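In our numbering, the protein residues as written are 8 to 139.
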Amino acid sequence: MTDPRPQRTRNVLAYVLGGFITIAGVMHFASPGFFDDIVPPWLPPSERFWTYASGVVELAVGTMVLSPRTRRRGALAAIALFIGVYPANIYMAWDWRHRPVSEQLIAYGRLPFQFLFIWIAWRVARREDATA
């Protein structure tokens, strides 16, 4: 008999990850100004375009992670997403360097969390027969 705990852990991580990504996607539409500010202004065509485009991608990826049928592909897509938005997080940290320390901590704090999110997505994406 196999131990059900790894699968349970993977499911919990999937719901947390999928929920987080989906909520982040919704926030791109509910509060686009915040996300516009972290998009490098030299990216064409506009900051708002990239805010909405990344929101759509996050909604799709989050939904895929939440669904058991598409979970593995969704988690792999989440890894690509986290790697893809990392330059925006670096830009945010650099751009916020003259803001109050509390805001700088938020900007710099986002950087290591991306690696945590990548690790969680990798755990969710692993095949059932993979060993811990």
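Note that the Cβ used here is the ideal one computed from N, Cα and C, for glycine as well.
Note that the structure is predicted; figures quoted are calculated from it, not measured.
Using alpha carbons as the reference points, say which of the options lies closest to residue i.
i, options, result
"V140", "F120, Y115, P107 and A31", "Residue 140 falls outside the range modelled here, since the chain spans only 8 to 139, and no answer is possible."
"S61", "Y93, V19, D102 and R106", "Y93"
"L88", "R15, I28, N18 and R117", "I28"
"Q111", "I97, Q121, F122 and F124", "I97"
Can you name, in chain order, every residue of its own chain whose Cβ lies under 6 angstroms from the Cβ of residue i, other than the five neighbours on each side?
i, result
"A114", "M99, A100 and W103"
"F42", "H35 and T58"
"R130", "L20"
Evaluate residue i with the Cβ neighbour count: other Cβ atoms within 10 Å of its Cβ, from every protein chain shown; 16 or more gives buried, anything less gives exposed.
i, result
"F56", "exposed"
"A139", "Bear in mind that the predicted position of A139 carries a pLDDT of just 49, short of 50, making it unreliable; the figure below should be weighed with that in mind. Looking at its Cβ environment, which holds fewer than 16 other Cβ atoms inside 10 Å, A139 is exposed."
"L118", "exposed"
"L24", "buried"
"R78", "buried"
"G37", "The sequence shown places Ala at residue 37, not Gly. Its Cβ having fewer than 16 others within 10 Å, A37 is exposed."
"E65", "buried"
"R15", "exposed"
Keeping to the same chain, check which residues put their C-beta closer than 7 angstroms to that of residue i; ignore five residues upstream and five downstream.
i, result
"V72", "A21, L24, G25, I28, R78, G81, A82, A85 and V131"
message = Extract the residue ranges of the alpha helix (DSSP H) inside the stretch 8-59, only unbroken runs of 4 or more that lie entirely within it.
response = The qualifying runs are 12-37 and 39-45.
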